[in-house]
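Comments concern the structure below.
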Amino acid sequence: MSDLGIDFGVYRTHGELYDAMRRLAEAHPGLSELYSIGKSLQGRELWTMEITNKETGPAEEKPGLWIDGNTHSGEVTGSAVCLYTVGYLLGNYGKDKFVTDLLDNTAIYILPRVNPDGAEIYLTQTYHRTGGGIPNPDFEDGEGHYEEDVDGDGAIVYMRIQDHAGDWRISKKDPRLMLKRKPEDTEADGPYYKVLREGKFLKYKPGKEVTMAPKRYIGGTNRNYPAYWAPGGLPLGGAGPFPLWEREPRAIADFWADHPNLSGIHTFHTSGGLILRESATRADSWFV
98 MSDLGIDFGV YRTHGELYDA MRRLAEAHPG LSELYSIGKS LQGRELWTME ITNKETGPAE
158 EKPGLWIDGN THSGEVTGSA VCLYTVGYLL GNYGKDKFVT DLLDNTAIYI LPRVNPDGAE
218 IYLTQTYHRT GGGIPNPDFE DGEGHYEEDV DGDGAIVYMR IQDHAGDWRI SKKDPRLMLK
278 RKPEDTEADG PYYKVLREGK FLKYKPGKEV TMAPKRYIGG TNRNYPAYWA PGGLPLGGAG
338 PFPLWEREPR AIADFWADHP NLSGIHTFHT SGGLILRESA TRADSWFV
């Protein structure tokens with residue numbers, strides 16, 4: 098690994114992430130190039146590390162692999178893994194045969210943070226759902242419940258509201274935990290509760306059904322790519338008015354189009370605990 102004293106076990110803000118990448122690039126000039134492939138809506142650079150042995154030929158003349166992370170704002174683990182990958186490849190060249198052969202014969206392009214605006218909000222503020230970090234112009238005009246750090250303790254937790262029709266009950270082993278109500282549960286197993294994010298209500302109207310307010314931030318990033326794009330991004334939302342509407346997916350798509358040497362893509366997400374391969378809509382038998 099790198100001998101630069103970089104801690105790969107922490108989550109970094111945009112500036113801290115760039116600083117770590119810059120230090121790695123400066124320490125390995127014969128193997129790396131650090132450049133931006135575009136800017137986010139708030140002006141943050143999409144810093145990308147190109148890794149290959151320059152003495153064996155330029156990157157664009159070798160088979161290329163694209164790696165990225167942190168597509169969704171809260172997936173900061175993905176950016177940490179990408180940074181670790183950069184450090185591992187650069188630090189092990191000339192020491193590990195596999196890594197050495199890899200960088201002699203291929204080019205690796207690594208973008209640790211696809212969604213810098215959303216990730217910055219996630220890391221520096223208390224909001225959980227920050228989308229692409231794009232302020233929603235419809236938020237203030239909406240009504241309903243929205244998440245907020247009501248007590249100012251630096252965290253948005255959950256609120257439980259007692260309700261005989263609630264979906265949750267308190268664990269008998271640990272009163273801090275809420276358990277999902279089961280079909281066989283009786284009134285004696287209660288009391289039961291509704292669970293909401295800590296927050297407030299926009300334009301609250303007593304007696305009216307409580308709904309969720311419009312999102313404070315919009316943009317889905319992951320659902321803004323052209324493949325299987327649909328208006329509204331059904332069923333999850335966040336696809337935007339048209340494909341590549343957001344700046345980050347547009348910059349990535351342009352980079353891919355400009356690099357026909359790319360032969361593979363690997364993207365680090367943090368949900369599901371599984372490995373998805375393309376095409377996720379087809380069975381393994383389709384490839385045989």
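Okay, so the sequence shown: first residue is 98 according to the numbering used here, each after it adds one.
Where a beta carbon is used, it is the ideal one built from N, C-alpha and C, also for glycine.
Can you tell me which of the options puts its alpha carbon nearest to the alpha carbon of residue i?
{"i": "residue 176", "options": "143, 189, 199, 200", "result": "143"}
{"i": "residue 139", "options": "187, 166, 218", "result": "218"}
{"i": "residue 338", "options": "315, 224, 360", "result": "315"}
{"i": "residue 261", "options": "269, 278, 249", "result": "278"}
{"i": "residue 167", "options": "150, 133, 211", "result": "211"}
{"i": "residue 255", "options": "344, 230, 294, 271", "result": "294"}
{"i": "residue 204", "options": "130, 372, 259", "result": "130"}
{"i": "residue 104", "options": "178, 384, 269, 324", "result": "178"}
{"i": "residue 230", "options": "312, 145, 348, 371", "result": "312"}
{"i": "residue 174", "options": "106, 195, 125, 193", "result": "106"}
{"i": "residue 115", "options": "101, 145, 304", "result": "145"}
{"i": "residue 221", "options": "194, 192, 251, 195", "result": "251"}
Determine, using beta carbons only, whether residue i and residue j come nearer to each other than 8 Å.
{"i": "residue 170", "j": "residue 135", "result": "no"}
{"i": "residue 358", "j": "residue 147", "result": "no"}
{"i": "residue 206", "j": "residue 197", "result": "no"}
{"i": "residue 208", "j": "residue 128", "result": "no"}
Identify, in the order they occur along the chain, each residue of the same chain with its Cβ nearer than 6 Å to the Cβ of residue i, setting aside the five sequence neighbours on each side.
{"i": "residue 263", "result": "289, 290, 291"}
{"i": "residue 246", "result": "223, 253"}
{"i": "residue 151", "result": "127"}
{"i": "residue 296", "result": "242, 243, 244, 245"}
{"i": "residue 163", "result": "206, 359, 362"}
{"i": "residue 235", "result": "311"}
{"i": "residue 340", "result": "323, 326"}
Identify, in the order they occur along the chain, each residue of the same chain with its Cβ nearer than 7 Å to the Cβ of residue i, setting aside the five sequence neighbours on each side.
{"i": "residue 267", "result": "275"}
{"i": "residue 346", "result": "318, 321, 322"}
{"i": "residue 356", "result": "157, 161"}
{"i": "residue 299", "result": "239, 240, 241, 243, 310"}
{"i": "residue 227", "result": "170, 215, 218, 219, 314"}
{"i": "residue 117", "result": "103, 109, 180"}
{"i": "residue 199", "result": "none"}
{"i": "residue 232", "result": "314"}
{"i": "residue 343", "result": "229, 316, 318, 321, 337"}
So, at 8 Å on beta carbons, what are the nonlocal neighbours of residue i in its own chain, with the 5 sequence-adjacent residues on each side left out?
{"i": "residue 202", "result": "153, 159, 160"}
{"i": "residue 265", "result": "257, 275, 276, 277, 278, 289, 290, 291, 292"}
{"i": "residue 225", "result": "171, 219, 244, 253, 294"}
{"i": "residue 385", "result": "none"}
{"i": "residue 141", "result": "111, 213, 214, 217"}
{"i": "residue 380", "result": "none"}
{"i": "residue 281", "result": "none"}
{"i": "residue 125", "result": "187, 190"}
Since I believe residue j is in contact with residue i (beta carbons under 8 Å), could you give me their beta-carbon distance rounded to a whole number of angstroms?
{"i": "residue 364", "j": "residue 165", "result": "5 Å"}
{"i": "residue 137", "j": "residue 213", "result": "5 Å"}
{"i": "residue 348", "j": "residue 336", "result": "Actually they do not touch by this definition, with Cβ atoms about 17 Å apart."}
Using only the heavy atoms of the ligand ZN, determine whether one of them is closer than 7 Å to the beta carbon of residue i.
{"i": "residue 167", "result": "The ligand ZN is not part of the structure shown, which contains no ligands of any sort."}
- Message: If contact is defined by three or more beta carbon pairs under 8 Å, each pair taking one atom from either stretch, is the region 339-353 in contact with the region 373-385?
- Response: no
* May I ask you to verify whether the region 272-288 touches the region 301-311, counting CB pairs closer than 8 Å and requiring at least 3? => With a cut-off of 8 Å, the region 301-311 and the region 272-288 do not count as touching, because too few Cβ pairs lie within range.
Whether or not the region 178-190 and the region 115-129 are in contact is what I'm after, with contact meaning three or more pairs of Cβ atoms, one per stretch, closer than 8 Å; do they touch?
yes
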